[in-house]
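Please read the structure below before turning to the comments.
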Amino acid sequence: MAIFSHDFEFFSYPTSKGLPVQDIVQHAESIEAMVSKYSAGLDDNNDDSLNSPTSSCSTRKPSAVNEIVLLTGSTGNLGCYILASLLSKDHVRRVYTFNRKSTDRNIMDRHKAQFEDKELNVALLSSPKLVHLEGDVTLPGLGLSEKVITNLQQELTAIIHNAWNSNFSSPLSSFEHHIKGTRALIDLARSSSRRNAIRFLFTSSITMTQNWDESQGPYPETLVMDAMTAVGGGYGESKYVAERILAKSGLEVISLRIGQICGGEPNGAWKSVEWFPICVKACWYLGAIFVPSHETNWMTMDSTSDIVLEIVFHKDPLPFAANLTHPRPVSSAFILHAVRDALIQELGHGLSPESLRQVSVKEWIDMLERSAITHNAEPRNISRLLSKIIFKLPSFVTLDISNAIKLSERMRTLEPIDARLVSKWVKFWIASGDLGQSGFCEDRSRAHL
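Letter by letter, the sequence shown follows residues 1 to 449 in UniProt numbering.
What follows is the structure, encoded as structure tokens:
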């Protein structure tokens with residue numbers, strides 16, 4: 001059964017709920033130890049100063065004609081959108097991409113594949129503005145030549161740190177190389193005689209809010225010093241660690257805590273190995289959709305990229321943090337019904353709403369598990385992960401998004417997710433061969449158990 005045969009990048013969002021108090025304390029201690037290890041020698045800023053704009057000592061002039069940007073993670077999903085946007089900006093003179101070297105494909109081919117997948121303008125990759133760098137954050141000088149480091153020190157006006165492994169079930173220790181890389185980028189900026197002219201934007205995650213006590217109100221757009229609030233999955237904990245280290249850097253920093261990103265313009269591209277496409281694939285196979293009761297505040301990749309650039313090039317001093325989730329959420333029922341309508345429209349085969357009947361979340365997971373057993377899959381693994389996805393999503397905390405709205409025109413004018421966009425997701429998954437395969441259609445009758 002194809003649906004159970006892939007290695008999935010699950011958004012299983014482990015949380016601290018159910019952990020013994022002793023384990024929560026141990027997690028917090030591990031977080032603090034990692035912060036101490038990688039902030040050694042940095043400025044020990046008072047956290048109160050980070051509740052207001054951080055650039056009182058900044059001498060940079062945002063949106064000048066000579067913006068020169070170092071972008072990490074440019075071969076990733078969001079990263080390629082950011083790269084395309086940077087290359088299309090007249091006021092950006094040069095873009096350095098920094099990525100790990102791959103043994104499979106050269107750096108140009110990796111970027112081209114992402115641009116083609118998302119129907120971005122591949123011609124931008126031939127821009128004379130673009131300089132590809134490949135290195136290793138664990139090596140001295142990022143594994144780059146002394147000449148390249150000198151050029152970066154002399155030229156950079158902004159660093160957009162977007163490289164992070166999206167593994168949501170690994171412990172904090174597995175992200176240490178990313179934290180080490182963050183410190184290496186901090187040291188690069190600090191070693192420049194122009195350090196006060198370099199703006200550092202970090203793409204963080206709302207998963208770092210995973211143990212926030214909502215009785216204290218929405219999660220603030222400030223530095224939160226209590227490591228207990230970040231306890232849960234290692235991914236969110238590592239983002240919190242990086243944020244704490246950046247707070248001590250003495251640089252002009254803004255951390256963008258980004259929520260769920262979905263497929264956007266122009267073609268709705270959304271990797272089929274992520275949690276929601278997997279759920280849609282399972283709905284198609286089972287002949288049933290589930291409808292959680294919570295709202296969906298996802299941001300598209302293109303809008304998130306636009307917001308990142310609006311903020312990094314903002315003319316005013318920046319606050320330390322901004323939370324990015326959609327200011328106009330829609331119901332999950334709307335999303336799932338739009339998916340069902342798009343599946344019926346695109347796949348036909350005599351389908352009707354009754355062919356994809358609505359069931360409760362619990363019933364849907366039971367159906368999935370029974371179907372996995374029938375096909376000799378590992379049902380406990382997949383249903384456990386999917387159940388975490390569905391039941392944990394509503395548990396995310398409410399976020400204050402005031403800073404994001406103030407800093408970004410795009411954020412202020414975002415339209416809600418609509419059926420047209422959902423249809424683009426479905427068309428992309430079908431075109432990619434991830435929906436509507438004959439094997440699924442033939443087996444679907446067996447899913448109605």
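Each residue gets a CB set at the ideal place from its N, CA and C atoms; glycine is no exception.
Check whether residue i and residue j have beta carbons under 8 Å apart
i	j	result
PHE200	LEU246	yes
ASN211	VAL231	yes
MET301	ILE261	yes
THR209	ALA321	no
VAL241	THR296	no
GLU155	ILE68	yes
VAL422	ILE335	yes
TRP284	HIS326	no
ASN165	THR72	no
GLY250	ARG194	no
ARG420	LEU324	no
GLY217	LYS424	no
ALA158	ILE186	no
SER305	LEU87	no
VAL359	ALA333	no
GLN26	CYS80	no
Simplified DSSP assignment, three categories, for residue i
i	result
ARG328	coil
HIS337	helix
THR72	strand
SER127	coil
GLU265	coil
ASN151	helix
GLY259	coil
THR207	helix
LEU86	helix
ILE417	coil
GLU354	helix
VAL241	helix
MET411	helix
GLY287	coil
PHE276	helix
ARG100	strand
ILE401	coil
THR300	strand
Span separating the alpha-carbon of residue i from that of residue j
i	j	result
SER371	CYS279	14 Å
GLY233	SER205	12 Å
LEU152	HIS132	13 Å
LEU399	ALA227	17 Å
GLY141	TYR38	16 Å
SER215	ARG412	27 Å
SER145	GLY135	9 Å
LEU318	ALA282	43 Å
PRO128	LEU414	32 Å
ARG93	TRP275	37 Å
SER102	LYS362	42 Å
ASN99	ASP23	35 Å
LYS89	SER174	36 Å
ALA33	VAL308	30 Å
SER56	HIS91	Unreliable positioning characterises SER56 in this predicted model, as indicated by a pLDDT of 41, which lies under 50. The coordinate reading is nonetheless provided below. So the two alpha carbons sit approximately 24 Å from each other.
ILE365	LEU286	10 Å
SER192	GLY143	17 Å
SER293	GLY348	28 Å
ASN196	GLU252	7 Å
Neighbourhood of residue i by C-beta, 8 Å cutoff - its chain only, sequence neighbours within 5 removed
i	result
GLU119	PRO266, ASN267, ALA269
THR207	TYR13, PHE168, GLY232, GLY233, TYR235, GLY236, LYS239
residue 492	Because the chain is modelled from 1 through 449, residue 492 falls outside the range shown and cannot be assessed.
GLU243	PHE202, SER204, MET208, LEU223, SER255, ALA321
VAL148	LEU133
PRO416	HIS326, ARG328, PRO329, VAL330
PRO277	TRP270, LYS271, TRP425, TRP429, ASP434
ARG105	ALA113
ILE401	GLU221, ALA322, ASN323, LEU324, THR325, PRO327, MET411
Neighbourhood of residue i by C-beta, 7 Å cutoff - its chain only, sequence neighbours within 5 removed
i	result
ALA431	none
VAL137	HIS177, LYS180, GLY181, ALA184
PRO171	GLY234
ALA338	ALA419, VAL422
ILE107	ASN99, HIS132, GLU134
residue 450	The question about residue 450 has no answer here: the residues shown for the chain are numbered 1 through 449.
ALA342	VAL422, SER423, VAL426
Chain-order list of residues whose beta-carbon lies under 6 Å from that of residue i (same chain, five-residue window excluded)
i	result
TYR96	LEU70, VAL131, LEU133
ARG110	THR75
ILE405	MET411, ARG412
TYR219	THR209, TRP212, VAL397, LEU399
LEU188	none
LEU42	LYS248, SER249
THR229	ASN211, TRP212
ASN66	ARG93
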